[in-house]
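K.L.:
There are 2 protein chains.
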Amino acid sequence: MTVSTPLGGRTSLSRRLAEELRSRIMSGEFAPGARLPSEAELVRRYQVSRVTVRTALRTLEAQGLVDVRHGSGSFVSDFGAGIRAGLQELRSISETIREMGHEPGMERHSAIRRPATVVEAGKLGIGAGAGVFAVERMILADGQAVAFSYDVIPLAGFPPELVDQLGTGSLFATLAEAGTMPARALAEVHAISDETIGWGPQRPDPGLYVLLDQVHFSRRGSAVAYCRTYFVEGRFQFVVLRTN
Amino acid sequence: MTVSTPLGGRTSLSRRLAEELRSRIMSGEFAPGARLPSEAELVRRYQVSRVTVRTALRTLEAQGLVDVRHGSGSFVSDFGAGIRAGLQELRSISETIREMGHEPGMERHSAIRRPATVVEAGKLGIGAGAGVFAVERMILADGQAVAFSYDVIPLAGFPPELVDQLGTGSLFATLAEAGTMPARALAEVHAISDETIGWGPQRPDPGLYVLLDQVHFSRRGSAVAYCRTYFVEGRFQFVVLRTN
DNA sequence: CGTAGGGAAGTTGTAGGACGACTGTCAACC
DNA sequence: GGTTGACAGTCGTCCTACAACTTCCCTACG
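So the protein lines, in turn, are chains A and B. If you're matching positions, the first sequence starts at 16 in our numbering and goes up one per residue. If you're matching positions, the second sequence starts at 16 in our numbering and goes up one per residue.
1. Determine the burial state of A/I154: buried for a count of at least 16 other Cβ atoms within 10 Å of its Cβ, exposed for fewer.
2. On the criterion of 16 or more Cβ atoms from any shown chain inside 10 Å, does A/Q78 qualify as buried, or is it exposed?
3. Using a cut-off of 8 Å between C-beta atoms, extract the partners of B/V225 located in chain A.
4. Helix, strand or coil: how does DSSP classify B/I127 here?
5. Counting only beta-carbon atoms, is B/G236 nearer than 9 Å to chain A?
6. Between the Cα of B/I207 and those of B/M196, B/A188, B/L227, spot the shortest distance and give me the residue it belongs to.
7. Let me confirm a value: B/T67 is counted as buried when at least 16 other C-beta atoms fall within 10 Å, else exposed. Which label applies?
8. Over what stretch of residues does the alpha helix (DSSP H) that includes B/V178 continue unbroken?
9. Check whether the Cβ of B/E76 lies closer than 9 Å to any Cβ atom in chain A.
10. So, using beta-carbon positions, are B/R152 and B/G182 closer together than 9 Å?
11. Can you name, in chain order, every residue of its own chain whose Cβ lies under 6 Å from the Cβ of B/E203, other than the five neighbours on each side?
12. Going straight from the alpha carbon of B/G194 to that of B/C242, what length do you get?
13. Output yes or no for whether 9 Å exceeds the beta carbon distance between B/E76 and A/T26.
14. So is A/S89 buried or exposed if we call it buried at 16+ other beta carbons inside 10 Å?
15. How many Å lie between A/A149 and A/I112 at the Cα?
16. Rounded to a whole number of angstroms, what is the C-alpha to C-alpha distance between A/G236 and A/A145?
17. Compute the distance between the beta-carbons of A/G172 and B/H205, then report whether it is under 9 Å.
18. Do you know how far the Cα of B/S107 is from the Cα of B/G120?
19. So that I know if they touch, is there some Cβ in chain B lying closer than 9 Å to that of A/G86?
20. What in chain A is Cβ-close to B/E210, meaning under 9 Å?
Here it is in C-alpha cells:
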C-alpha cells in the first residue's frame, strides 16, 4: 500500500501529479539516468489510476525531463542538470538564480507610469498610448550584476493598490497576486552590443548582452507583461533543451 | 465514420498520431485559436482508442502547440506562428529556413578528419584525441548568409562510407542515414562579438552573432555531434516558447 | 565449460467501456 | 431584462484486459 501524499488542489489530478514528480526529480531524489518507480508502483503510491500516472509521465516526457521506454520503464533524462536552468522553464529569474546555487538580488533603477510606445502596444496587443507601468531593474547574483531588465506592465485591469509593489520584489509574485500569473511567454533571443544598456559601476565594459525579448501571457491568452532582459554575456548560462 | 490515413510506422502509435496532428496544425489546416476535432471525432477519424488520442494531445500540449480545456475542447495555441520557428524544436536549420518561407542553401568551407580537442572530447563524452570529422559551413537563406557553423562528429562507430557525405547536405539527413538521428540537443546560448568567425564576402561587418553551442544526442543518450552555429544577429529570428 | 536458445516475469502501449466534472447554450421563469 | 435551470457536448478519471517489448535467468546443446 504505502498510501500518502494527498495531492490536494484545484487543477487536474494528472497536472498535479506531474508537478509532484517534477519536484521530486528536481530535488535530486532520482539521479539523472535513474529509473523511476513503475507505473503500477506510482498507482499504489498516489492512489490514482494508471491513466493519470501515464498522462503525467507523458507530460514530463514531452518536457524532456523523463524518458519512457516501452517494456523497460521510465528513466530520468540525463539532461536534468541542464534543464534545471533551462530557458524554456518559465519562472522568475531570481528563482532560477537561487536554484543555480547563488544568492539573488535586485536594484530598482526607475519606475514610472506612462503611455505605451507603439512597439509596446503592438507586443501587448493594447491600444497605442494606453497606460503602462515601466520598471528598470538590475538583477544580481551574489552581488554581481547579471542582467538589466526593462519591464512594461499594462495598467488596464491591474489592481491599483498593487502598482506601487511592481518592481520592488519578484515581478512574478506581484503578477500572481494580481491574478494574472504568466503561464506562457514567447521570447525572442538576440545578441546586443550597446554601451547604453546598463548603468552604474557594475555596467559591463564591452557592452555585450544576450537579450531575451519576451511577452508574457496569462493562461487564457492575454498579454500581462512585456519584458526585455539584457543578460550580461558570460555571467549567466542559457540552456535550451531541444527535442523532436 | 470517415475512415482513412493508416498512420503506418514503427514508433508508438500515439507518437505517430502526435506527429500527424502536429503537421496538420503546422500546415495551417487549423488556424491559431481554432478548435480541433473532439477526442471522439479523432478516435473515429484515425481508428485508434481514446487513450492514444489523449496521449498524443497531451504531448502536443506539453510542447505548447495546443491547449486542452476541460469541458470545452482542444484548441490550437495562439503561439503557433512563433513555435513554427521555435528554438526548442530540434530540426535541421535548412528545414526551418524553408518553413519560414525562404530558400535554404549551404556552402562547405572546409572538412577535415582530425583528433578531438579537449573541449570537444568533453562535450561529446569521448576520449581526448579520438578521431572526429570537423566541418565548417555557411548557411544561406535566399542567397544571404544567416549563419556560420562549426560541426564536429565523432568517427567511432560512424559508417566509413558516409564520412565523405558529411557536410555536403543536411547534417541531420546524413546522421539519420548512419542510424544516429539526433533526438535531443542541449544547447547553450551566447552573444558573441568576434570578427574572425565568418568568412568570405558575406561576412557581417559588425561581427555580432548569437551562438548556439549544442551537443546532439541520439535517442539512447549517446552524443552524436557537437555543433557550434553562429547566427548573424538580425538575420535569423530565434523564438522560445516558455511554459510552466 | 561456454554459448545459444527459450521462456517467464516485469513493464509499457493500446483497446473499450463507464461515469464524473466542467463548459457553453438556450429556454423557462421570476 | 436578468437569473436560473436543464441539457448536450466535451474533457478528466477509473476499471479491466490484453498486446508488445525488455530484461533476466535457466535450460539444452555444442
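Positions of the beta carbon are idealized from the N, C-alpha and C atoms, including for glycine. All figures in this text were calculated on a predicted structure; none of them were measured in a lab.
P.N.:
With the given structure in hand:
1. Residue mapping note: residue 154 of chain A aligns to position 139 of the first sequence, counting from 1. That one is buried.
2. Taking the first sequence and counting its residues from 1, the one referred to as residue 78 of chain A is at position 63. Classification of A/Q78: buried, given that the 10 Å Cβ count is 16 or more.
3. On the second sequence, position 210 is the one that residue 225 of chain B refers to. Residues of chain A passing the Cβ test: V204, H205, A206, V225.
4. By 1-based counting over the second sequence, the position of residue 127 of chain B is 112. It is a strand residue.
5. In the second sequence, counting from the first residue as 1, residue 236 of chain B sits at position 221. Yes, its Cβ sits closer than 9 Å to a Cβ of chain A.
6. Your numbering for residue 207 of chain B matches position 192 in the second sequence. Of B/M196, B/A188, B/L227, the smallest CA-CA separation from B/I207 is found for B/L227.
7. Taking the first residue of the second sequence as 1, we reach residue 67 of chain B at position 52. With 16 or more Cβ atoms within 10 Å of its Cβ, B/T67 is classed as buried.
8. Taking the first residue of the second sequence as position 1, residue 178 of chain B is located at position 163. B/V178 -> alpha helix (DSSP H) spans 175–178.
9. As a first step, residue 76 of chain B is located in the second sequence; it is residue number 61 there, counting from the start. Cβ-Cβ to chain A under 9 Å: yes for B/E76.
10. As a position in the second sequence, residue 152 of chain B is number 137, starting the count at 1. As a position in the second sequence, residue 182 of chain B is number 167, starting the count at 1. Taking 9 Å as the Cβ cut-off, B/R152 and B/G182 qualify as a contacting pair.
11. On the second sequence, position 188 is the one that residue 203 of chain B refers to. Answer for B/E203: D228, listed in chain order.
12. For the purposes of this step, residue 194 of chain B is taken as the residue at position 179 of the second sequence. For the purposes of this step, residue 242 of chain B is taken as the residue at position 227 of the second sequence. Using only the alpha carbons, I get a separation of about 18 Å.
13. Counting from one through the second sequence, the residue named residue 76 of chain B turns up at place 61. Counting from one through the first sequence, the residue named residue 26 of chain A turns up at place 11. Result no, Cβ atoms of B/E76 and A/T26 do not sit closer than 9 Å.
14. As a working note, residue 89 of chain A is residue 74 in the first sequence. Answer is buried; the Cβ neighbour count reaches 16.
15. Looking up residue 149 of chain A in the first sequence gives position 134. Looking up residue 112 of chain A in the first sequence gives position 97. C-alpha separation (whole angstroms): 23 Å.
16. The residue labelled residue 236 of chain A in the question sits at position 221 within the first sequence. The residue labelled residue 145 of chain A in the question sits at position 130 within the first sequence. Rounded to whole angstroms, A/G236 to A/A145 spans 19 Å at the Cα level.
17. The residue given as residue 172 of chain A occupies position 157 in the first sequence. The residue given as residue 205 of chain B occupies position 190 in the second sequence. Taking 9 Å as the Cβ cut-off, A/G172 and B/H205 do not qualify as a contacting pair.
18. Translated into positions along the second sequence, residue 120 of chain B becomes position 105. Translated into positions along the second sequence, residue 107 of chain B becomes position 92. Each residue's Cα considered, the two are about 12 Å apart.
19. Within the first sequence, the letter at position 71 stands for residue 86 of chain A. Cβ-Cβ to chain B under 9 Å: no for A/G86.
20. The residue labelled residue 210 of chain B in the question sits at position 195 within the second sequence. Within chain A, no residue comes near B/E210; the closest Cβ sits about 12 Å away, beyond 9 Å.
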